[in-house]
Amino acid sequence: MPELPEVETVCRGLRRLIVGKVIKSAKDIESPKSFPNVPSEVDNFLVGSSIIAVRRRAKVILIDLLSQYTLVIHLKMTGQLVFIDDKSDRFGAGHPSDSLVGKLPDRSTRVVVEFSDESHLYFNDQRRFGWVKLLPTSEVPNMKFMQKVGPEPLEDSFTAKDFIQRIRRRNGTTIKAAILDQTVLAGVGNIYADESLWGAKIHPSTRVRDIPDAQLEKLLNEIKDVMNLSIKKGGSTNRNYVDAEGKKGSYMDFARVFHREGLPCPEHPDVLIEKIRVAGRGTHVCLVCQTHLVET
DNA sequence: CACTTGACCTGTCCGC
DNA sequence: TGCGGACAGGTCAAGT
Numbered sequence: 066m067p068e069l070p071e072v073e074t075v076c077r078g079l080r081r082l083i084v085g086k087v088i089k090s091a092k093d094i095e096s097p098k099s100f101p102n103v104p105s106e107v108d109n110f111l112v113g114s115s116i117i118a119v120r121r122r123a124k125v126i127l128i129d130l131l132s133q134y135t136l137v138i139h140l141k142m143t144g145q146l147v148f149i150d151d152k153s154d155r156f157g158a159g160h161p162s163d164s165l166v167g168k169l170p171d172r173s174t175r176v177v178v179e180f181s182d183e184s185h186l187y188f189n190d191q192r193r194f195g196w197v198k199l200l201p202t203s204e205v206p207n208m209k210f211m212q213k214v215g216p217e218p219l220e221d222s223f224t225a226k227d228f229i230q231r232i233r234r235r236n237g238t239t240i241k242a243a244i245l246d247q248t249v250l251a252g253v254g255n256i257y258a259d260e261s262l263w264g265a266k267i268h269p270s271t272r273v274r275d276i277p278d279a280q281l282e283k284l285l286n287e288i289k290d291v292m293n294l295s296i297k298k299g300g301s302t303n304r305n306y307v308d309a310e311g312k313k314g315s316y317m318d319f320a321r322v323f324h325r326e327g328l329p330c331p332e333h334p335d336v337l338i339e340k341i342r343v344a345g346r347g348t349h350v351c352l353v354c355q356t357h358l359v360e361t
């Protein structure tokens with residue numbers, strides 16, 4: 066599921082919904098996969114503490130606690146973080162009336178956090194690739210992932226010059242593989258890779274070395290544009306992504322190529338979007354727009 | 001070191 | 001209708 070815009074949307078929702086709440090209990094529904102890691106830490110630093118901030122770095126959600134511990138959460142492909150306040154549920158279904166999720170917990174629920182006001186936060190993850198860790202806040206920057214992950218594309222401090230310099234380290238591979246590489250820049254996944262490459266008129270299997278700097282700069286601008294638009298639309302619900310209130314995002318209504326195989330290209334009504342495979346991922350292209358062809 | 005591929009899981013969809 | 005295989009928004013580890 067979630068790429069940068071979806072994770073950002075979840076974070077903004079959680080910030081509004083759970084900051085200030087006190088954790089009454091937290092439990093793994095099934096046998097623990099990654100949470101709780103250390104029971105004594107859970108007892109001493111999670112239960113009874115309150116939430117002071119919700120942050121995002123790359124595709125990772127950081128929930129900071131007054132105890133100076135942080136819940137570190139990666140949703141991977143199918144993770145959801147859904148907040149439900151049963152008291153405000155007038156419909157008796159256990160969730161808002163326009164929610165996309167059914168009554169929780171369900172068979173995909175991995176972790177349940179209960180707050181002192183009896184509202185709940187559910188971590189659901191159908192494919193179980195996602196994880197939740199509890200770490201001292203000061204240790205978060207030392208995590209292997211945090212050490213390796215590249216800059217945030219939407220930060221003003223990240224310039225085209227930085228982007229070009231970093232992506233040139235991957236000159237030998239395809240441009241799609243390069244922008245999916247989280248050590249080059251943070252947050253691009255399969256949807257926004259295809260959308261931004263269409264916007265920059267670059268074929269996804271073009272070797273990085275064959276792309277001039279000016280076109281790489283255009284690509285960065287497209288990445289920023291599609292991500293900013295998607296955040297405005299609450300992210301992309303391609304399969305099962307929902308925000309912190311269980312609601313769908315609507316970026317897919319604005320997608321130009323992603324998941325639109327067989328439909329006309331927005332710029333060439335006579336040309337149909339094709340689905341190919343690049344960097345091991347399903348990839349959507351307009352072969353007229355995206356002309357840079359490439360040795361195979 | 002740079003690059004590609006398979007593995008991690010469950011669910012769904014598509015063709016026979 | 002049932003079954004097998006391919007595939008799904010992400011990252012690692014292991015292979016070349």
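Per the numbering used here, the first sequence starts with residue 66, numbered consecutively.
Using N, Cα and C, we set each Cβ at its ideal position, and we do this for glycine too.
When secondary structure is reduced to three states using DSSP, TYR306 falls in the coil class, being assigned neither helix nor strand. If you check the CB distance, VAL178 and HIS185 come in under 8 Å. Between SER295 and the set ALA258, LEU82 and GLU339, the nearest pair of CA atoms involves ALA258.
In the displayed model, CYS76 falls within a helix according to three-state DSSP.
A residue is called buried when at least 16 other Cβ atoms come within 10 angstroms of its Cβ; GLY314 meets this threshold and is buried. Look at the stretch 261-307 and you find these whole runs of alpha helix (DSSP H), each 4 residues long or longer: 278-297. When the alpha-carbon of CYS354 is set against those of ILE267, LEU281, ASN293 and ARG342, the nearest one is in ILE267.
Excluding residues up to 5 positions away in sequence, ASN255 lie with their Cβ nearer than 6 Å to the Cβ of ARG346 in the same chain. Ranked by how close their Cα comes to the Cα of PHE228, the residues ALA251, GLN212 and ARG192 have ALA251 in first place.
In this model, LYS312 and GLU73 are separated by some 14 Å (Cα to Cα).
When secondary structure is reduced to three states using DSSP, THR348 falls in the strand class. When only Cα atoms are considered, LEU111 and THR356 end up about 53 Å apart. Taken through DSSP and simplified to helix, strand or coil, ASP151 comes out as helix. Under the three-state reduction of DSSP, LYS340 is assigned to strand. Annotation for ARG231: no beta strand (DSSP E) segment contains it, though the alpha helix (DSSP H) segment containing it runs 225-232. Inter-residue distance for GLN145 and SER153 is about 21 Å (C-alpha atoms, whole angstroms).
Non-local beta-carbon contacts of ILE341 in its own chain, meaning distances under 7 Å to residues more than five positions away in sequence, involve THR348 and VAL350 in chain order.
Setting aside the 5 residues that flank it on each side, ALA344 is surrounded in the same chain by THR239, LYS241, ALA242 and LEU245, each with a C-beta closer than 7 Å to its C-beta; the list follows chain order.
Taking a C-beta distance under 8 Å as the contact criterion, SER181 and LYS89 qualify as a contact pair. Pairwise C-beta distances place the stretch 189-196 in contact with the stretch 130-148, as three or more of them are shorter than 8 Å.
In the displayed model, ASN255 falls within a helix according to three-state DSSP. In the three-state scheme derived from DSSP, where H, G and I count as helix and E and B as strand, GLU71 is classed as helix. With contacts defined by Cβ atoms closer than 8 Å, VAL87 and SER115 form a contacting pair. With respect to the C-alpha of SER164, the residue from ASP318, ASP308 and ILE126 having the closest C-alpha is ASP308.
In the displayed model, PHE100 falls within coil according to three-state DSSP, outside both helix and strand. Less than 8 Å separates the beta-carbon of LEU169 from that of TYR187.
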